[in-house]
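Each residue of the sequence shown is one higher than the one before, counting from 180 in this note's numbering. Glycine included, C-beta positions come from ideal geometry on N, C-alpha and C. None of the values given here were measured: they were computed from a predicted structure. Following: one structure in structure tokens, then a few remarks.
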Amino acid sequence: MIERSKYVWLGVAGLVVTKDGRWLVVKKSYGGLKGKWSLPAGFVQPGETADEAVVREIKEETGIETKIIGLFGLRTGVIRNEISDNMLLFLLEPISGEISIQKTELLDVAFMDQETIKKDPDSSLLLTELNDKHASLHKKPLEGINPGDVFQYTAYKLFI
Numbered sequence: 180m181i182e183r184s185k186y187v188w189l190g191v192a193g194l195v196v197t198k199d200g201r202w203l204v205v206k207k208s209y210g211g212l213k214g215k216w217s218l219p220a221g222f223v224q225p226g227e228t229a230d231e232a233v234v235r236e237i238k239e240e241t242g243i244e245t246k247i248i249g250l251f252g253l254r255t256g257v258i259r260n261e262i263s264d265n266m267l268l269f270l271l272e273p274i275s276g277e278i279s280i281q282k283t284e285l286l287d288v289a290f291m292d293q294e295t296i297k298k299d300p301d302s303s304l305l306l307t308e309l310n311d312k313h314a315s316l317h318k319k320p321l322e323g324i325n326p327g328d329v330f331q332y333t334a335y336k337l338f339i
């Protein structure tokens with residue numbers, strides 16, 4: 180088995196949009212986004228697919244259950260010339276739940292309209308950029324396919 184590098188990170192973030200167009204945003208209590216509005220996000224854990232991870236992270240951080248609409252972007256960068264930091268961006272819709280803040284990671288959670296996000300000085304760069312472009316182009320998952328038993332996938336999805 181190939182050992183995975185601790186220098187390659189795979190994260191996920193979710194843009195959850197209500198029927199009336201409001202976005203689910205979180206205000207982080209730590210790190211570079213401390214005090215900034217951003218998307219619910221986290222890392223993919225062993226044994227889960229990226230789309231499963233984003234649904235889990237949103238539920239853990241906000242209490243909101245969601246459904247994947249599609250994949251719409253990738254944020255990728257290199258930290259200190261050594262860590263490849265990658266984040267898949269998913270579009271989701273809320274299906275149930277009431278907001279409950281994960282107090283160990285977040286200061287606040289809210290559904291905000293795009294105009295409020297645009298005017299709020301605490302909106303992160305990602306939110307500001309998304310607000311200008313919105314996630315109108317997204318890739319829907321193709322499920323129930325198998326590239327061959329030789330690969331031994333227990334979960335396999337294409338977003339094309």
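Inclusion of Ile-274 and Glu-244 in the CB contact set at 8 Å is warranted, their separation being smaller than that value. One thing to note: Gly-200 has its Cβ no nearer than 8 Å to the Cβ of Phe-269. Comparing alpha carbon positions, the residue from Val-204, Lys-185, Asp-328, Val-191 closest to Ile-258 is Lys-185.
Between the segment 232 to 242 and the segment 328 to 338 there are fewer than three C-beta pairs closer than 8 Å, too few to call the two in contact.
Ranked by how close their Cα comes to the Cα of Trp-188, the residues Ala-220, Trp-216, Ser-208 have Ala-220 in first place. The shortest CA-to-CA distance from Lys-213 to any of Leu-285, Ala-334, Val-204 is the one to Leu-285. Gly-190 has its alpha-carbon roughly 16 Å from the corresponding atom of Lys-207. Under the three-state reduction of DSSP, Gly-211 is assigned to helix. Within the segment 193 to 253, the runs of beta strand (DSSP E) that reach at least 3 residues and sit entirely inside it are, in chain order, 202 to 207, 220 to 222.
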